[in-house]
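Everything below concerns the one structure shown next.
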Amino acid sequence: MDYLSTAKTVLDKVGGEKNVTSVTHCMTRLRFVLKDESVVKDEEVKNIKGVMGVVKSGGQYQVIIGNDVANCYKELTKLGNFANTQENVETKEKKNIFVAALDAISGCVSPVIPAIIGAGMIKILIILLGYFVDGTSQTMQLLTVMGDCSFYFLPILLAFSAGKKFNTNPILVAAIAGVLLHPDFTAMFADAASGVKFLGIPVVSTTYSSTVLPIILTAWVMSYIEKLVDKITPVFTKNFLKPFLMLLISAPIAFIVLGPLGGIIGNGVAAVIFAIQSKFNIAAMVLMSAGMPFLVMTGMHWAFVPATLTALATSAGDSAMLPAMLLSNLAQGAACLAVACKSKNSELKQVASASGVSALVAGITEPALYGVTLQLKKPLWAACIASGITGVFTGIVKLTGYSFATPSLVALPIFISPEQTNNIIYAVIASIIVVVLTFILTFILGFDDPEDTEQTTESVGNNSTSTEEQETNNSVFETVQGMEIKSPIEGKTIPLSEVNDPTFAEEILGKGAAVVPTKGQVTAPFDGTVVSIFDTKHALALRSKDGVELLIHVGLDTVKLNGKYFHAKVTDGKEIKQGDVLLTFDIDSIKNEGYDTVTPVIVSNGDELGTITALKNKAVHHTDTLIKIIK
Numbered sequence: 076m077d078y079l080s081t082a083k084t085v086l087d088k089v090g091g092e093k094n095v096t097s098v099t100h101c102m103t104r105l106r107f108v109l110k111d112e113s114v115v116k117d118e119e120v121k122n123i124k125g126v127m128g129v130v131k132s133g134g135q136y137q138v139i140i141g142n143d144v145a146n147c148y149k150e151l152t153k154l155g156n157f158a159n160t161q162e163n164v165e166t167k168e169k170k171n172i173f174v175a176a177l178d179a180i181s182g183c184v185s186p187v188i189p190a191i192i193g194a195g196m197i198k199i200l201i202i203l204l205g206y207f208v209d210g211t212s213q214t215m216q217l218l219t220v221m222g223d224c225s226f227y228f229l230p231i232l233l234a235f236s237a238g239k240k241f242n243t244n245p246i247l248v249a250a251i252a253g254v255l256l257h258p259d260f261t262a263m264f265a266d267a268a269s270g271v272k273f274l275g276i277p278v279v280s281t282t283y284s285s286t287v288l289p290i291i292l293t294a295w296v297m298s299y300i301e302k303l304v305d306k307i308t309p310v311f312t313k314n315f316l317k318p319f320l321m322l323l324i325s326a327p328i329a330f331i332v333l334g335p336l337g338g339i340i341g342n343g344v345a346a347v348i349f350a351i352q353s354k355f356n357i358a359a360m361v362l363m364s365a366g367m368p369f370l371v372m373t374g375m376h377w378a379f380v381p382a383t384l385t386a387l388a389t390s391a392g393d394s395a396m397l398p399a400m401l402l403s404n405l406a407q408g409a410a411c412l413a414v415a416c417k418s419k420n421s422e423l424k425q426v427a428s429a430s431g432v433s434a435l436v437a438g439i440t441e442p443a444l445y446g447v448t449l450q451l452k453k454p455l456w457a458a459c460i461a462s463g464i465t466g467v468f469t470g471i472v473k474l475t476g477y478s479f480a481t482p483s484l485v486a487l488p489i490f491i492s493p494e495q496t497n498n499i500i501y502a503v504i505a506s507i508i509v510v511v512l513t514f515i516l517t518f519i520l521g522f523d524d525p526e527d528t529e530q531t532t533e534s535v536g537n538n539s540t541s542t543e544e545q546e547t548n549n550s551v552f553e554t555v556q557g558m559e560i561k562s563p564i565e566g567k568t569i570p571l572s573e574v575n576d577p578t579f580a581e582e583i584l585g586k587g588a589a590v591v592p593t594k595g596q597v598t599a600p601f602d603g604t605v606v607s608i609f610d611t612k613h614a615l616a617l618r619s620k621d622g623v624e625l626l627i628h629v630g631l632d633t634v635k636l637n638g639k640y641f642h643a644k645v646t647d648g649k650e651i652k653q654g655d656v657l658l659t660f661d662i663d664s665i666k667n668e669g670y671d672t673v674t675p676v677i678v679s680n681g682d683e684l685g686t687i688t689a690l691k692n693k694a695v696h697h698t699d700t701l702i703k704i705i706k
């Protein structure tokens, strides 16, 4: 395909650059938001070389390209200045103020977590080195600077993510954060005995280093200021007048109103949490520890980071979020290891073992939560119960974290305190209790262990199978020989024609099958290679060693989730073996967002391979054959 030629023709047929509000792409489609769809002639677009079809959905004009969409999109973006942020193409849902606020905080904070964790781990290193190295040495001083920088300049880091979240210029938001952190700005309050004023308006003295809410509020307000400035500035002056006015208007609003307001709200929330913990310490720890998995499912655990950072900025440390996350993370890991020991299913053993180690060692619980405990349910309850019970102990001893990192066995040093030597001992004891208790409870409560059935090759006259269901599934293919593709998804198959998307229903991208998933996990259906996995993790393309090119598209229009609820386990170019876990996803959360989770599995180069036969209206497991290609 001539990508440049295709991109030029598509752009021309949709009305040119002047008719395009924004354009993004998913695994197979160019997704346009057009100012006027009526000017587009669908048949002319469909007849463009390289275009497989057209779909109009959700306010988007979708041009189906197929596996070459990324290359076509790259050429398309060179032809015009298109906005490509997801916010521009999504229809915003109405949410209540509390949910919207938590979502905003979570969305702004989560992108900067790697910088905070990295700095927190350096602080742990400093604590450990302090027992062996002179703390006044220049090496230790520089390490201290490295550990402090992400916290001190946190408003600048947040400015970028908040700017993107609220669809305003992140560089200008960062510039405002720089104003609030400028040494001269801070020094003015120390030098001015009568206080600081701007145009006669008092400016409240507030410390902005390590703060979260002031810059998030500023970014939110700047998104409206930008719209106002856009309206009042002539086009030929926007390059210099727009940033000038935005800084001139936003900075005073930030340090006179929003900064102090954000500080008051942040300190108020932290004070409420501290008060609750002080008065109801044990009950609070039990609830937070037991309920942490459900916060993780929604991503709302990041909304507690501002209060945690506020606590860590004091010598008192954090005795809420970090201890609760420690118990929850270790419990998830222990539950997975118990499942791995108890299960007779070889695939589940493999997934549970890997997920358990990840949760215990690194504190990464999503694979454990979505891939094992949430699917089996009873191990999740075992982990929650064990975390809650152990929370009684941590509440009594007032376990406290003194540095920020994802709590795990490796990160236990975050509980080291030079003043309270017993604190780290309490952390170790709590870790042992929660791991042992979860392990025992998982064995006691048990779980529905999936059958480990080996797929056998059927031949004419041979009707022996491992289970009755597998016999039913494989009987479709038992009379002919060919290439078999196992089901990458567990669930119930339906014909492609029943998929509520004409791109798949009309087999524009190729023949195949569709599965309504009952388990949020995608596994490798054959030995081969990951050709590509899309940035939003909702779709991936594979190639088998036999040359079969397979597209697995989890859900319909799930590209709009922008990766939310999806967790990739592989990267582009990775060699895979049949049964390897490629992707996990949260079925219930995706459904709650209003998306159909039906998963089309498409052989994109089927015309080159032969006749494609797909299983229909049957329950399938990962070991069952879903598609057969007959040469």
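Numbering (the working numbering), first residue to last: 76 to 706.
Cβ atoms here follow ideal geometry from the backbone N, Cα and C, with glycine treated the same way.
These figures come from a predicted structure and were not determined experimentally.
query                                                                                                                                                                    : result
Can you grab the Cα-Cα spacing for the pair residue 548 / residue 587, in whole Å?                                                                                       : In this predicted model, residue 548 has a pLDDT of only 42, less than 50, meaning its place in the structure is not dependable enough to derive any value.
Which of the three DSSP states is assigned to residue 465 in this structure?                                                                                             : helix
Under three-state DSSP, which class holds residue 624?                                                                                                                   : strand
Could you give the uninterrupted runs of the beta strand (DSSP E) lying entirely in the region 84-132, keeping only those of 3 residues or more?                         : 95-100, 104-109 and 128-132
Alpha carbon to alpha carbon, how far is residue 111 from residue 579?                                                                                                   : 26 Å
Anyone know if the C-beta pair for residue 644 and residue 657 falls short of 7 Å?                                                                                       : yes
Could you pull out every residue in the same chain whose Cβ sits closer than 7 Å to the Cβ of residue 222, ignoring the five residues on either side in sequence?        : 194, 197, 198 and 201
Take the Cβ of residue 601 as the centre, count every other Cβ of all protein chains shown within 10 Å, and call the residue buried at 16 or more, exposed below.        : buried
For residue 490 versus residue 499, is the C-beta spacing smaller than 7 Å?                                                                                              : yes
Is the distance from the Cβ of residue 468 to the Cβ of residue 502 below 7 Å?                                                                                           : no
List the endpoints of the continuous alpha helix (DSSP H) containing residue 615.                                                                                        : Per DSSP, residue 615 belongs to no alpha helix (DSSP H); it is in the beta strand (DSSP E), 614-619.
In chain order, what residues of the same chain have a beta carbon less than 8 Å from the beta carbon of residue 350, not counting five sequence neighbours either side? : none
Any contact between the region 220-234 and the region 510-522? By contact I mean 3 or more CB pairs, one from each, below 8 Å.                                           : no
Residue 220: buried (16+ other C-beta within 10 angstroms of its C-beta) or exposed?                                                                                     : exposed
Could you tell me which of 155, 573, 284 and 303 sits nearest to residue 335, measuring between CA atoms?                                                                : 284
What's the C-alpha gap between residue 166 and residue 595?                                                                                                              : Since pLDDT at residue 166 reaches only 43, below the 50 mark, its modelled position is unreliable, and no value is offered.
Return helix, strand or coil for residue 308, following the three-state DSSP convention.                                                                                 : coil
Determine the extent of the beta strand (DSSP E) in which residue 148 is found, giving its start and end residues.                                                       : Element bounds for residue 148: not the beta strand (DSSP E) but the alpha helix (DSSP H), 144-152.
Candidates 146, 152 and 118: which alpha carbon is nearest residue 86's?                                                                                                 : 152
Distance, Cα to Cα, residue 281 vs residue 271?                                                                                                                          : 12 Å
So, at 6 Å on beta carbons, what are the nonlocal neighbours of residue 551 in its own chain, with the 5 sequence-adjacent residues on each side left out?               : Bear in mind that the predicted position of residue 551 carries a pLDDT of just 37, short of 50, making it too unreliable to give a figure here.
With a CB to CB cut of under 8 Å and the five nearest residues on each side skipped, what residues in its chain are close to residue 649?                                : 604 and 605
Decide if the region 451-468 is in contact with the region 428-439; the criterion is three or more beta carbon pairs, one per stretch, under 8 Å apart.                  : no
In three-state DSSP terms, what is residue 393?                                                                                                                          : strand
Any idea what DSSP makes of residue 607, helix, strand or coil?                                                                                                          : strand
Residues in the same chain with beta-carbon distance under 7 Å from residue 456, minus the five sequence neighbours each way, listed in chain order, please.             : 520
Using C-beta distances below 7 Å, list every residue in its chain close to residue 183, excluding the 5 sequence neighbours before and after it, in chain order.         : 233, 236, 237, 240 and 291
Helix, strand or coil: which one does DSSP assign to residue 406?                                                                                                        : helix
Give me the DSSP bridge partner(s) of residue 654.                                                                                                                       : BP columns for residue 654 are empty, so no partner.
Looking at the structure shown, is residue 482 part of a helix, part of a strand, or coil, going by DSSP?                                                                : coil
Note down, in chain order, each residue of its chain lying with its Cβ closer than 6 Å to the Cβ of residue 360, except the 5 sequence neighbours on either side.        : 466, 469 and 470
Quick check on this structure: which residue in 620, 672 and 481 has the alpha carbon closest to the alpha carbon of residue 568?                                        : 672
In three-state DSSP terms, what is residue 192?                                                                                                                          : helix
Helix, strand or coil for residue 701, going by three-state DSSP, please let me know.                                                                                    : strand
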